[in-house]
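Quick notes on the structure that follows.
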Amino acid sequence: MAAIHQERGLRQDDPSSSLLCNFALEGLLYHIIQDSSIIGYAPLIPGFQERNEIYNSPETLKVLAYADDVCVLLQSFNDFNRVQTHLSNYDYVSNARLNMIKIEALSLNGRPQPEWAHFLEQHQIIK
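Numbering-wise (this note's numbering), the sequence shown opens with residue 30 and increments by one.
Next up, the structure:
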């Protein structure tokens with residue numbers, strides 16, 4: 030198979046850039062969604078009393094994506110490590126690189142999470 034040489038990158042105002050980003054990221058997002066060891070975010074749904082029932086519901090969210098912006102919803106340090114594995118595999122096969130400066134972590138309950146802050150700092154995520 031012959032190598033494909035890239036002449037230039039995509040311009041942000043190019044109408045096809047969002048679609049091409051979708052194609053480029055689809056495999057990565059699919060693998061994260063299909064990974065049963067990643068819990069993701071399980072919103073409280075009326076009628077579900079047990080958290081375990083929520084995890085198995087189709088409403089569990091793991092990733093949200095629009096063009097080249099991706100939001101990964103993590104429940105545990107294990108989720109983070111599994112996503113890192115998927116990112117490493119994606120980097121290897123696509124030659125893409127994650128821009129660590131742009132990574133931000135948010136708490137969905139709005140409260141400080143010192144254990145997460147320390148964990149993320151160890152992975153050079155400081156925002």
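Cβ atoms here follow ideal geometry from the backbone N, Cα and C, with glycine treated the same way.
Just so you know, these numbers come straight off a predicted model, no measurement behind them.
| Asked | Found |
| --- | --- |
| So is HIS115 buried or exposed if we call it buried at 16+ other beta carbons inside 10 Å? | buried |
| Figure out for me which residue from SER123, MET129, LYS91 and GLN151 has the closest Cα to the Cα of VAL112. | LYS91 |
| For LEU137 versus TYR70, is the C-beta spacing smaller than 8 Å? | yes |
| Of all the beta strand (DSSP E) runs that stay within the bounds of the stretch 61-141, which reach a length of 3 or more residues? | 92-95 and 98-101 |
| According to DSSP, is GLN153 part of a helix, a strand, or is it coil? | coil |
| Three Cβ pairs or more, each shorter than 8 Å: is that satisfied between the stretch 119-127 and the stretch 46-61? | yes |
| For my contact list, ILE154 and ILE130 are in at a C-beta cut-off of 8 Å; report their separation, rounded to the angstrom. | That pair is no contact at about 10 Å. |
| Using the three-state DSSP reduction, which class does ALA146 fall into: helix, strand or coil? | helix |
| Exposed or buried, which one is LEU103 when buried takes at least 16 other CB atoms within 10 Å? | buried |
| So the candidates are PHE148, SER66 and ASP43; which of them puts its Cα closest to the Cα of ASP108? | SER66 |
| Please check the pair ALA134 and LYS156, which I expect to be a contact at CB under 8 Å, by giving their CB distance rounded to whole angstroms. | 7 Å |
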